[in-house]
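With this note's numbering, the residue at position 77 of the sequence shown is 635, and numbering never jumps.
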Amino acid sequence: MSSLFQQALQISTGKCRIIYPLICIGCGIKSHMVCSGQDIEYQIATLDEKKIVYYRCQKCISPPPKKKGNKASVITCVCCGNKDGLMKKVQGHNDKWAHIACALFSVNILEIVDYYKMEFKFKSIEENQKMEQEEEENKNENEVCSIQII
């Protein structure tokens with residue numbers, strides 16, 4: 559079993575041994591520096607004699623997603639579709655996001671480009687084009703007809 563997989567397993571089972579998790583001051587999500595990318599800027603504060611390491615996650619730093627029609631766009635993971643949890647942008651795409659765990663374990667969709675920065679990209683250009691085509695096909699699916707019949 560790989561060391562990275564063992565760390566992920568410890569985190570998911572609540573047996574994490576990393577002493578100082580990072581806490582995002584924007585949304586409050588907790589993560590490990592290994593998961594967020596070791597190139598991030600963080601600060602250390604002391605509260606009640608405990609060290610607190612805080613930063614701003616990529617979702618909080620990024621501008622809000624553009625509205626699609628009348629609906630506000632929500633950041634969702636390209637792998638699992640969930641909107642909650644720690645996510646980072648897919649390299650080369652400002653509107654595509656993925657959970658770090660999904661990026662690590664979705665070998666058919668994403669590949670890790672830089673483990674130090676925890677950056678990932680789509681596995682292939684074909685996969686990216688396929689996703690964009692599916693989005694385009696589904697774009698008009700939920701729109702309301704603006705022609706009124708009297």
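All residues carry an ideal CB built from backbone N, CA and C; glycine is no exception.
Between the CA atoms of residue j and residue i - distance to the nearest angstrom
i           : j           : result
residue 600 : residue 611 : 7 Å
residue 566 : residue 589 : Confidence at residue 566 is low in this model, with a pLDDT of 47, below 50, so its placement is unreliable and the value that follows should be read with caution. Residue 566 and residue 589: Cα-Cα distance of roughly 11 Å.
residue 649 : residue 674 : 14 Å
residue 656 : residue 682 : 16 Å
residue 634 : residue 653 : 9 Å
residue 596 : residue 694 : 35 Å
residue 643 : residue 669 : 19 Å
residue 602 : residue 637 : 33 Å
residue 676 : residue 607 : 31 Å
residue 679 : residue 671 : 7 Å
residue 605 : residue 641 : 31 Å
residue 621 : residue 598 : 18 Å
residue 591 : residue 639 : 24 Å
Buried/exposed call for residue i, threshold 16 Cβ in 10 Å
i           : result
residue 632 : exposed
residue 691 : exposed
residue 646 : buried
residue 609 : exposed
residue 560 : A caution first: residue 560 carries a pLDDT of 47, below 50, which makes its placement in the model unreliable, though a value can still be read off. That one is exposed.
Selection from the options that minimises the alpha carbon distance to residue i
i           : options            : result
residue 614 : 634, 676, 587      : 587
residue 688 : 667, 671, 642, 677 : 667
residue 593 : 671, 659, 680      : 659
residue 618 : 672, 680, 677, 585 : 585
residue 623 : 678, 605, 651, 671 : 651
CB contact check: residue i to chain C, cutoff 7 Å
i           : result
residue 652 : Going by chain labels, chain C is absent from the structure shown, which holds only one protein chain.
Heavy atom of the ligand GDP within 6 Å of residue i beta-carbon
i           : result
residue 603 : Here there are no bound small molecules, and the ligand GDP is not part of this structure.
How do the segment 656–676 and the segment 580–587 stand: do at least 3 beta-carbon pairs fall below 8 Å, yes or no? no
Going along the chain, which unbroken runs of the alpha helix (DSSP H) with 4 or more residues stay wholly within the segment 582–659? 591–594, 616–619
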